[in-house]
Structures are given as C-alpha cells and as structure tokens.
Amino acid sequence: MGKVIAIANQKGGVGKTTTTVNLGACLGEKGKKVLIIDMDPQGNTTSGFGIDKETLFATSYELVLGDSTAQESIIELPQYKVDLIPASIDLAGAEVELIGIDQREQLLDEKIAEIKMNYDFILIDCPPSLNILTINAFRAADSILVPIQCEFYALEGLTQLISTINLVKQRLNPKIEIEGLVFTMYDNRTNLSLQVVEEVKNFLPSMIYETKIPRNIRLAEAPSYGMPVIYYERSSKGAVSYLELAEEVIQRNQK
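Using numbering that gives the first Met the number 0, the letters of the sequence shown correspond one by one to residues 0 to 254.
Take a look at the structure:
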C-alpha cells in the first residue's frame, strides 16, 4: 500500500511546488509508482507538468466535492513516469462549497483509499495556508515533508507548522508524522544559509534530509517549459539534488 506524503509549509515561496514536481518525477525515474495530487488552487504543480488547466475535465476540485472518483481524475503522464490528479482555479471555491458537509476534513482521505494500493508514493501539494484543503491533505497523509527556504524567518514558520501538525495528530489523524525537512534555495556561499541550517539542526536534528536543494537557474527555468528539471536539464545541480533527495526518501521508507 502506498505511502501518502503531504508536501506542506504555511509560508509561501519556499519551494513546495518545485519539490512536489521534481521529487515525484525523480521517484518515478527510480522505478517507483507515483501519484501526485495538486491541492493548491494556483495549480502550479499541474502547470509544472505541462498540463493546460483550461482543458481539464476532472480535477481535485471535482474529487473532493464527490463529482468524480480518484480513478476518473487521474491523468497518466508516462513521459514523466508519474500519474497526476490536476488542480484548477475552481478549487479556490471548495472551502465555501464544503461548509455544512459532515466530516468534510475526510473527503480526500476517502477518495485516496480507493487507489492507494496502486502506488508506492502519493505526493500531495498543499496550499500555502491552513484551510480545509490543507486539513484534507493532512488527514489523508501518513507523513508531511516540509521544504524550508534558507531565510531569516524559516524557524518561525517551522514552529507554527509543527504546532499545526501536532493539533492534527491529536484531533484528526493520530498516525501522521513529519517525514522530513528539506532545505531549499540553499547557497553555501552565504552565512545566512549556513546559519539557518544550524538553527534548524539544533531544533529538529533527526528530521533533516542530508540533501539540500540549491538555488539553480535550470530548476527555475524548468516550470516555464512544463517539465520536471530531470527532463529539462538532467546534469544540472537542481536535477542531481532532487535525484539524491528521492533516494533518501526511498531509503528512509525502506527502514
């Protein structure tokens, strides 16, 4: 049965979608069966795989509202060795439409249960806020992978996120754990990056991935071409780093 990993951080601009797209593609490249679910109304993960959001029939919006099954919502992307449940801007209205629905925080979990056994990993790209979509992802997930940008307020945002995860664990999903913390936009030439890494290591030493995702031009360019970085420029530092991160994720889950 597949491991469901929510990729989340309540702070925006930390490399969450970049990590979802590229980690998913790298896990697929390493022979794992991967499903990616875009739960962010911005739909950047969907665009990151070159999908035209205007042509979609069934998305994560229809999925959580019960208008489509998980299987009906899946787009197969054999060129990138992953499957995708895409998102559209309609998802932004889901929070209002779900008001009054019983157990609305469990809707995604119930849908994923139908297809979970078909995958090794299911990655969920969460919105950069704590709303009903994020809560649905946390309810469905076995663990949460947290991208952390190497910036001054990183630890403050991480503290808030851990408080949220503990609350979800108490009230909605007792099995959920932190999968790991991955540093993004890392530059070992700057004191700030080194200081942030040391601060977080002191705070949560056992949860940090060895792999750090560097600032990288090819990594920034790849989404505009609608493809993961390993298919855009495989030899780039960004591609190599995400392949290394995928191997770490696989090794941790084999243990």
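Cβ coordinates follow ideal geometry from the N, Cα and C atoms, glycine included.
Closer than 8 Å is the cut-off here; do at least three beta carbon pairs connect the region 163-178 with the region 220-232?
Too few Cβ pairs lie closer than 8 Å, so no.
Please check the pair residue 129 and residue 183, which I expect to be a contact at CB under 8 Å, by giving their CB distance rounded to whole angstroms.
As a first step, residue 129 must be located in the sequence shown, where it is residue number 130. As a first step, residue 183 must be located in the sequence shown, where it is residue number 184. About 20 Å separates the two Cβ atoms, so there is no contact after all.
Reducing DSSP to helix, strand and coil, say where residue 181 ends up.
Translated into the one-based positions of the sequence shown, residue 181 becomes position 182. Looking at residue 181 - three-state DSSP - the assignment turns out to be strand.
Closest to residue 63 by CA distance: which of 46, 15, 80, 37 is it?
Position 64 of the sequence shown, counting from 1, holds the residue named residue 63. Measuring from the Cα of residue 63, the nearest candidate turns out to be 37.
Only counting the same chain, and skipping five residues up and downstream in sequence, which positions put a Cβ closer than 8 Å to that of residue 119?
Indexing the sequence shown from 1 puts residue 119 at position 120. For residue 119, where only same-chain residues beyond five positions count, the Cβ hits under 8 Å are 1, 2, 26, 31, 32, 33.
My output table needs one value for residue 29: the three-state DSSP class, helix, strand or coil.
Stepping through the sequence shown from its first residue, residue 29 is reached at position 30. Coil.
As a quick exercise: from 142, 157, 159, 83, pick the residue whose alpha carbon is nearest that of residue 248.
Locating residue 248 in the sequence shown gives position 249, counting from the first residue. Residue 248 has its Cα closest to that of 142, out of 142, 157, 159, 83.
Would you mind working out which of 109, 149, 231 sits nearest residue 199, comparing C-alpha positions?
Taking the first residue of the sequence shown as 1, we reach residue 199 at position 200. Per the Cα distances, 149.
Going by Cα to Cα distance, which pick from 152, 223, 197 is closest to residue 12?
On the sequence shown, residue 12 is found 13 positions in, with the first residue counted as 1. That would be 152, whose Cα lies nearest to the Cα of residue 12.
Using a Cβ-Cβ cut-off of 7 Å, state whether residue 166 counts as contacting chain C.
You won't find chain C in this structure, because it holds only one protein chain.
Should residue 158 be labelled buried (16 or more other beta-carbon atoms within 10 Å of its own) or exposed?
Translated into the one-based positions of the sequence shown, residue 158 becomes position 159. It counts as exposed.
Nearest to residue 280 by CA position, among 243, 65, 233, 73, is which residue?
As shown, the chain starts at 0 and ends at 254. That puts residue 280 outside it, with no answer to give.
For residue 3, which of helix, strand or coil comes out of DSSP?
The residue given as residue 3 occupies position 4 in the sequence shown. DSSP places residue 3 in strand when its eight states are reduced to three.
Please report the residue range of the alpha helix (DSSP H) in which residue 108 lies.
Walking along the sequence shown from the start, residue 108 turns up at place 109. Taken as a continuous stretch (DSSP letters only), the alpha helix (DSSP H) holding residue 108 covers 106-111.
Which value, in whole angstroms, describes the spacing of the CA atoms of residue 244 and residue 210?
Residue numbering aside, residue 244 sits at position 245 when the sequence shown is read from its first letter. Residue numbering aside, residue 210 sits at position 211 when the sequence shown is read from its first letter. Taking the straight line from one Cα to the other gives about 6 Å.
Decide if residue 14 is buried, meaning its Cβ has at least 16 other Cβ atoms within 10 Å, or exposed.
What you label residue 14 is simply residue 15 of the sequence shown in a count that begins at 1. Burial call: buried.
Would you mind listing the beta strand (DSSP E) stretches within the region 32-101 that are 3+ residues and don't spill past its ends, in chain order?
Correct list: 33-37, 74-76, 81-84.
Would you tell me roughly how many angstroms separate the C-alpha atoms of residue 77 and residue 48, rounded to the nearest one?
For the purposes of this step, residue 77 is identified with residue 78 of the sequence shown, where counting begins at 1. For the purposes of this step, residue 48 is identified with residue 49 of the sequence shown, where counting begins at 1. Computed Cα separation, rounded: 11 Å.
How long is the line joining the alpha carbons of residue 179 and residue 208, rounded to whole angstroms?
As a position in the sequence shown, residue 179 is number 180, starting the count at 1. As a position in the sequence shown, residue 208 is number 209, starting the count at 1. Spanning the two alpha carbons is a distance of roughly 6 Å.
Using CA atoms only, rank isn't needed, just tell me which of 100, 146, 9 is closest to residue 20.
Along the sequence shown, read from residue 1 onward, the residue named residue 20 stands at position 21. If we check each option's Cα against that of residue 20, 146 comes out closest.
My guess is that residue 181 and residue 144 are in contact by the Cβ rule of under 8 Å, so how many angstroms apart are they, rounded?
Walking along the sequence shown from the start, residue 181 turns up at place 182. Walking along the sequence shown from the start, residue 144 turns up at place 145. Their Cβ separation, rounded to whole angstroms, is 7 Å, which keeps residue 181 and residue 144 in contact under 8 Å.
Rounded to whole angstroms, how far is the Cβ of residue 137 from the Cβ of residue 95, which I believe are closer than 8 Å?
As a working note, residue 137 is residue 138 in the sequence shown. As a working note, residue 95 is residue 96 in the sequence shown. The Cβ separation is near 20 Å, so there is no contact.
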